[in-house]
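Before any comments, here is the structure.
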Amino acid sequence: MIIRALLYLLLPVLFLGGALLFYQKVPYPAQHYRDVLGLIPYLLLIAGLVLAFQFNRARLFFIQVLFALVYLMPLVLPQAITGLTILLSVLVFPLVLLLVLLPERGIFTRMALFHYIALLLGGLLVAWLSIGQPTLPMSWIEHSYVPVRYMDWTTLAQTGVLSMFVSFILLLAFYIAWPSMDVAGILGALASFAILFHYQFEGLVIVYVAIAFALMFIFLILQETYRMAYIDELTELPGRRALKEKLQNISGKYSVAMLDIDHFKKFNDTYGHDAGDSVLRMVGGRLRSAEGSKAYRYGGEEFTILFSGKKVPETVALCENIRHSIESADFVIRRQDRRKDKKGAKKARFTNKKVTVTVSIGLAENTAHMANAWDVVKAADKALYRAKRKGRNCTSK
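Heads up, the sequence shown is in the numbering used here, so the first residue is 16 and it goes up one at a time.
Encoded structure:
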């Protein structure tokens with residue numbers, strides 16, 4: 016999990032780091048290139064918004080809307096660029112954090128209506144403060160709370176720096192608790208906003224960062240679309256569609272194992288579907304960490320394991336290792352037991368019960384007479400039923 020969280024953070028590092036590096040290498044391109052570059056952020060932001068809308072990715076949609084509004088603000092209010100930068104640096108970071116913390120309920124829902132209202136009110140507030148320059152709020156926002164010499168590394172107002180750091184720390188804590196590629200990308204969005212405000216919307220670096228932001232969010236949407244199509248959400252294993260594509264292109268020698276959780280329907284009836292889902296997650300985790308194999312969620316409580324470059328005699332021991340690792344797992348069910356007290360009222364008590372989960376495995380390999388991959392899968396399925404007839408919790412070939 017730690018490695019995965021660190022890998023996710025490579026996303027904003029690669030996109031934004033690449034943009035800044037490109038700016039260092041090409042700070043002043045020819046004028047006709049600059050004209051084209053100026054159009055690219057708008058085209059990419061439109062593409063990202065269309066994709067987010069198409070796949071109902073509300074959180075990514077609203078953060079892109081926010082970025083587009085911020086990016087356009089200097090064009091709408093060029094006469095108030097300094098005050099605009101100060102105000103946006105104070106308001107935008109908490110707003111991004113709020114969009115992450117609020118539940119994602121779609122683009123056309125009551126929760127989404129709250130997002131639209133928040134963006135509208137935020138835009139009106141920024142416009143009013145930038146143009147009207149009311150004394151009290153602006154003096155509070157622009158006030159220096161620490162000696163200026165400690166803040167000479169940035170052009171941001173001290174309240175903006177505070178807003179940025181607090182939002183970043185809270186979002187990073189959220190990411191550590193629940194790491195995901197989306198949140199890693201949103202951390203990159205915070206960094207993108209910070210760069211825009213630091214440079215006060217001036218210079219070609221702003222264009223490069225806007226391009227990097229838009230490409231990063233397009234990647235996030237497409238990556239999640241791929242996950243929806245190919246990855247089983249519960250077990251985080253590739254699903255049947257991924258297995259089908261793999262079997263269409265597999266070649267050379269290989270073996271296929273079909274794995275089935277023993278008495279799973281009875282387990283669900285006894286302990287409930289939540290406990291059943293926990294079993295599926297546990298089995299999926301064991302299969303993901305198994306060496307020398309690639310596992311897929313075939314459907315229900317059944318899984319397919321591919322052993323590329325291996326024949327059955329080489330894979331029996333690997334299957335037995337998988338079976339033993341699942342059987343030896345410390346699987347504890349927290350059950351709610353409602354019993355009556357002395358007064359006859361029901362009280363909820365939670366008791367922990369340790370259960371043993373076992374699996375049956377059927378093995379088959381491709382041969383000269385069985386070259387079709389799906390025929391090998393069917394043969395492994397027949398071997399699985401032989402394992403069940405033997406009494407379950409075993410491997411058959």
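Think of the CB as a built atom: it goes at the ideal place given N, C-alpha and C, for glycine as much as any other residue.
Given the structure is predicted, the values throughout are model-derived calculations rather than measurements.
- Linking Arg120 to Ala332 through their CA atoms gives a straight-line distance of about 46 Å.
- For Ala379, the enclosing beta strand (DSSP E) stretches over residues 374 to 380.
- Here Lys412 is buried. Its C-beta has 16 or more other C-beta atoms within 10 Å.
- Phe212: member of the alpha helix (DSSP H) spanning 196 to 213, first to last residue.
- Secondary structure of Leu171 (DSSP, three-state): coil.
- If you check the CB distance, Val222 and Pro42 do not come in under 8 Å.
- Taking the CA atoms as reference points, Ser340 sits about 17 Å from Thr319.
- Counting every other CB atom within 10 Å of its CB across the protein chains shown gives His213 a total of 16 or more, marking it as buried.
- The beta carbon of Phe183 sits closer than 7 Å to the beta carbons of Leu205 from its chain, once the five residues preceding and following it are set aside; these are given in chain order.
- In this structure, DSSP gives Pro44 a state outside helix and strand, which the three-state scheme calls coil.
- For Asn283, same chain residues with a beta-carbon under 6 Å away, outside a window of 5 residues either side, are Gly291 in chain order.
- Taking 8 Å as the upper bound for CB-CB distance, Val374 and Arg401 are not in contact here, some 14 Å apart.
- Rounded to whole angstroms, the gap between the alpha carbons of Ser270 and Ile348 is 34 Å.
- For Glu329, there is no enclosing beta strand (DSSP E); the residue is found in the alpha helix (DSSP H) stretching over 327 to 342.
- The three-state secondary structure of Ala272, taken from DSSP, is strand.
- Within the same chain, Tyr223, Val224, Ala227 come within 6 Å of Ala34 by CB-CB distance, once the 5 residues on both sides are set aside.
- Per DSSP, Ser323 is one residue of the beta strand (DSSP E) stretching across 317 to 323.
- By a beta-carbon distance limit of 8 Å, Arg296 contacts Leu249. Their separation comes to about 6 Å.
- Ala395 and Ala388 have their C-alpha atoms spaced approximately 11 Å apart.
- Between the C-alpha atoms of Ser266 and Leu90 there is a straight-line separation of about 58 Å.
- Annotation for Gly314: no alpha helix (DSSP H) segment contains it, though the beta strand (DSSP E) segment containing it runs 309 to 314.
- The straight-line gap separating the alpha-carbon atoms of Leu112 and Ala73 is approximately 14 Å.
- Inter-residue distance for Ser343 and Phe37 is about 52 Å (C-alpha atoms, whole angstroms).
- For Ile246, DSSP records a beta bridge to Pro253.
- Within 10 angstroms of the beta-carbon of Thr330 lie 16 or more other beta-carbons, which makes it buried.
- For His288, the enclosing alpha helix (DSSP H) covers residues 288 to 304.
- For Pro89, the enclosing alpha helix (DSSP H) begins and ends at 73 to 91.
- Here the stretch 298 to 318 lies against the stretch 274 to 283, with 3 or more beta-carbon pairs under 8 Å apart.
- Going by beta carbons, Leu60 and Ala229 fall inside the 8 Å limit.
- By the beta-carbon neighbour count (other beta carbons within 10 angstroms, threshold 16), Leu128 is exposed.
- Take the alpha-carbon of Cys334 and the one of Lys259: they are about 22 Å apart.
- Scanning its chain for C-beta atoms nearer than 6 Å, with the 5 sequence neighbours on each side dropped, one finds around Ser104 the residues Leu171, Gly175, Phe212, in chain order.
- If you compare the alpha carbons of Arg19, Ser195, Leu54, Tyr48 with that of Val115, the shortest gap goes to Ser195.
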